[in-house]
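Line order of the protein sequences matches chains A and B. Counting in this note's numbering, the first sequence runs from 193 upward without gaps. Counting in this note's numbering, the second sequence runs from 20 upward without gaps. Here is the structure we will look at.
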Amino acid sequence: MRSFLFAAVLLCSGLQCAHAETDHGAIARAALTGVIRPGYDALTVATGALKDNAAALCAEPSAAALTATKDAFAAAVDSWSKVEIFRFGPVNKDHRYERLFYWPDPKGIGLRQVKAALADKDETVTLADTLAGKSVALQGLTALEYLLYGDGAETLTSGDSEVGFRCSFASSVATNIDRIARAVAEAWRDGSGYSKDFLSPGPSDPLYRAPKDVTLELYKAFTSGIELVRDQKLGKPLGTSPETARPRLAAFWQSGLTFANMVGNLEGVRTLFAEGGFAQVVAEESPGVEKSTLFDLGHAIDVLDAIDMPVTEAVQDTEQRSKLEALRVALKSARDTAAAMIARGAGLSFGFNALDGD
Amino acid sequence: MQLDRRTLLASLAGSAAALALPKALAAAFVPECFAAARMDDHGAFSAALFDLERGDLRAVELPARGHDVALRPGGKEWVAFARRPGRFGVAVPVGNGEPVWFASKPGRHFFGHGVFSADGRLLYTTENDYGRGFGVIGVRDAGAGYRQIGELPGYGVGPHDLALLSDGRTIVIANGGIRTHPDSSREELNIPTMQPSLVYVDIETGDLLEEQKLAADLHQLSIRHLAVAQNDTVVFGCQFHGPEGEAPPLIGFHARGEQPMIVPAPTATQSALRNYIGSVTADAAGGIVAASAPKGGLVTYWDVAARRFLGTSELGDGCGLAPTHHSASFLLTSGDGWLATADADGSLWRHPSRYHWDNHAILVR
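Structure (structure tokens):
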């Protein structure tokens, strides 16, 4: 296993040992080659299959073709969920992130726009080229989810012209998703501007000016990835009681992929931690904590994976609620512990405002 | 047709779509411009005018850490202040003009906050007369290079945030009650005897119009930040300097002539605030106030008329708050680098950035 620390600069004086200098470049390399690139590459495989399945469904509508397209959608959501935690790099350009995944949408704006496009028979949404210039809410996974699972989706199995429009819309969204995913994967390739800046940042670079900046970026992906699941994905739909629960705030509630999406998010976080260099930083800082972090994340994934009811029912179910509440507490403590160790081990400083005293 | 931020985002993404918009609608899609102080990862301080679509529109390097920013009425200029115990201020035109620098006079330092008179002619800043240990309000002539032309009493120790009421004549000052001296850095010198207050001062005569102190058992609740919401209701946020383990309420409401009302959050949230409110801001309509708790990584929302807790958003080291053009909607800034827009229902959109954003932010236009 590659060492992320320069052992040579370990300095000891008396009983106090100074920290070894963290090799920030090694963390960036591990994250890019072991996590980010494979993550987006897997996404393009899934979105390619989704695009093909949607095209096949429109060419020859059938129950089997719809099922195959839904399966491909679920696979694309799974792949997306793992890279959803990355809010930097090429996905952050040209609103690609929002175009792929328009969420949260508490006021249901996206849904309203999709329904309006269906009602108006707005032909511009049926071609990927023109769709890309439309509202971001019409372009991505949340729009496609409604087209495949929402009211009227069952008509996709028959071939009349009414259905033809919906299917063409779905197919153009799938094509658009695939194009965006490919553009992101492409922009991370070896030798690209993003890769260069990520791997060897210099003082005059626009995004990262020192290797430590990249570590900080990855740290943010790790911590905000857990927060995303804990607060946004779980906390908002759960509310404080069954009465205040709002399951329609959940991501992918229509397709029943809500918990699969969270599982994917946490798998993304776990992979980043395990393969992206942080586990070793933590292990050097406080041996054993890296294992407990991996255990906590694995446990959370297992709990979410085992929920076998849709989110609309789960938020009303006392047993599931208490399980999910406990999970939120566990995720917070796992996040806080690992974050503190990473920050200390990698020499990142925080609390700019919290420690300010004003 | 009512447009909110989300519709804007949804409509803006494709430039082709944006170009096809009728002119009147396109004008409504101009994103909000904000201003705030910040630090980059190399420790360089600056203050900037920015929006969430284009990033920086104008940035000015600061000699040291900044704090709050004040907008000059008319919207053509904003002023960034040094964080206490700093001594610099800088007025930055929204357009191309040169920034104007000014400083506190000998024996004074800024606390990081200021507010303009309603006509934009005078600037009022909270300052420390540290020789005497009292707070004062510096008065500067914005039209004359921010030359200091006078000083009003602050009627308390450690004045921090301040704001102008709708009459254009009364300022309300949060006196934190904590004595500090630049020679002892940021050390707090009088915690056992501190007596914070909320005072209303006539800016034309310098007279004290009203003073509100909290109950004796709450004297260690330092009143630090405030916002003027609808009907001139002053909403203030506190930092508790009493025993660890206690979690008193930190948000208060006050209308002239009434008793201040301190309102707790639900128990779990209250303790999660970690006894520290960093910033308070009213929304565009003045009916909802946001108060940030950077130590707790929470932003709380409050119904001004009902004096009631509404809910929270979570944002690690989130402190700076500004209204947007829309009701119940706020910009949130974080020391961890996030800019976010949030609705009072707790939904939150993150925008990555490359800066550690400082405690405060303002809406410029």
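In this text, a Cβ means the ideal position worked out from N, Cα and C, and glycines have one as well. Note that this is a predicted model, so its numbers are computed, not measured.
Check                                                                                                                                                                                       : Outcome
Looking at the structure shown, is residue 201 of chain B part of a helix, part of a strand, or coil, going by DSSP?                                                                        : helix
Under 8 angstroms between C-beta atoms, does residue 545 of chain A make it to chain B?                                                                                                     : yes
Cβ closer than 8 angstroms: which chain B residues qualify as neighbours of residue 408 of chain A?                                                                                         : 60 and 356
Quick check: is the beta carbon of residue 290 of chain B nearer than 8 angstroms to any beta carbon in chain A?                                                                            : no
Thinking C-alpha only, which one of A/447, A/493, A/382 and A/548 is nearest residue 523 of chain A?                                                                                        : A/493
Let's see if you can read the secondary structure: which residues bound the beta strand (DSSP E) around residue 333 of chain B?                                                             : 327-333
For residue 265 of chain B and chain A, any beta-carbon pair shorter than 8 angstroms?                                                                                                      : no
What residue range does the alpha helix (DSSP H) around residue 545 of chain A cover?                                                                                                       : That residue, residue 545 of chain A, is in no alpha helix (DSSP H); it is neither H nor E in DSSP.
Starting from residue 232 of chain A, trace the alpha helix (DSSP H) in both directions and tell me its first and last residue.                                                             : 229-251
For residue 229 of chain B and chain A, any beta-carbon pair shorter than 8 angstroms?                                                                                                      : no
With a threshold of 8 angstroms between beta carbons, is residue 375 of chain B in contact with chain A?                                                                                    : yes
Which value, in whole angstroms, describes the spacing of the CA atoms of residue 185 of chain B and residue 252 of chain B?                                                                : 10 angstroms
Should the stretch 286-303 of chain A be regarded as contacting the stretch 403-421 of chain A, the criterion being three or more beta carbon pairs within less than 8 angstroms?           : no
Quick one: Cα of residue 89 of chain B to Cα of residue 114 of chain B, how far?                                                                                                            : 16 angstroms
Quick check on residue 397 of chain B: does DSSP put it in helix, strand or coil?                                                                                                           : Only positions 20 to 384 of chain B appear in this structure, which leaves residue 397 of chain B out of reach.
Could you list which residues in chain B have their beta carbon closer than 7 angstroms to that of residue 284 of chain A, in chain order?                                                  : 371
Please confirm if residue 131 of chain B has its CB atom under 8 angstroms from at least one CB of chain A.                                                                                 : yes
Kindly indicate which residue of A/478, A/425, A/506 and A/389 has the alpha-carbon position closest to the one of residue 280 of chain A.                                                  : A/389
Please list the terminal residues of the continuous beta strand (DSSP E) segment that includes residue 339 of chain B.                                                                      : 337-342
Where residue 425 of chain A and residue 380 of chain A are concerned, what is the direct C-alpha to C-alpha distance, given to the nearest angstrom?                                       : 28 angstroms
Could you give the DSSP three-state label for residue 272 of chain A: helix, strand or coil?                                                                                                : helix
Between the stretch 76-94 of chain B and chain A, which residues of the former have a C-beta closer than 8 angstroms to a C-beta of the latter?                                             : 86
Comparing the C-beta of residue 313 of chain B with each C-beta of chain A, is any distance below 8 angstroms?                                                                              : yes
If you follow the beta strand (DSSP E) that residue 378 of chain B is in, where does it begin and where does it stop?                                                                       : 375-382
In this structure, how does DSSP classify residue 323 of chain B when only helix, strand and coil are distinguished?                                                                        : coil
Measure the alpha-carbon distance for residue 326 of chain B versus residue 215 of chain B and round it to whole angstroms.                                                                 : 21 angstroms
Have a look at A/361, A/333, A/284 and A/512 and flag the residue whose alpha-carbon is nearest the alpha-carbon of residue 311 of chain A.                                                 : A/361
Express the C-alpha separation of residue 364 of chain B and residue 290 of chain A in angstroms, rounding to a whole number.                                                               : 20 angstroms
So, is the C-beta of residue 8 of chain B closer than 8 angstroms to a C-beta in chain A?                                                                                                   : What the structure shows of chain B is the stretch from 20 to 384, and residue 8 of chain B is not part of that stretch, so it cannot be assessed.
Please list, in chain order, all residues of the same chain as residue 246 of chain B whose beta carbon is under 7 angstroms from its beta carbon, the five residues on each side excluded. : 182, 254, 299, 300, 301 and 308
Just checking, does the stretch 268-288 of chain B make contact with the stretch 206-213 of chain B on the three C-beta pairs under 8 angstroms criterion?                                  : no
Quick one: measure Cβ to Cβ for residue 375 of chain B and residue 58 of chain B, integer angstroms, because I've assumed they're closer than 8 angstroms.                                  : 5 angstroms
List, in chain order, every chain B residue whose beta-carbon is nearer than 7 angstroms to that of residue 412 of chain A.                                                                 : 355 and 356
The alpha helix (DSSP H) that contains residue 484 of chain A, what's its start and end?                                                                                                    : 481-498
How far does the beta strand (DSSP E) with residue 280 of chain B in it extend, from its first residue to its last?                                                                         : 280-282
On a CA-only basis, which of A/465, A/454 and A/427 is nearest residue 407 of chain A? Give me that one, please.                                                                            : A/465
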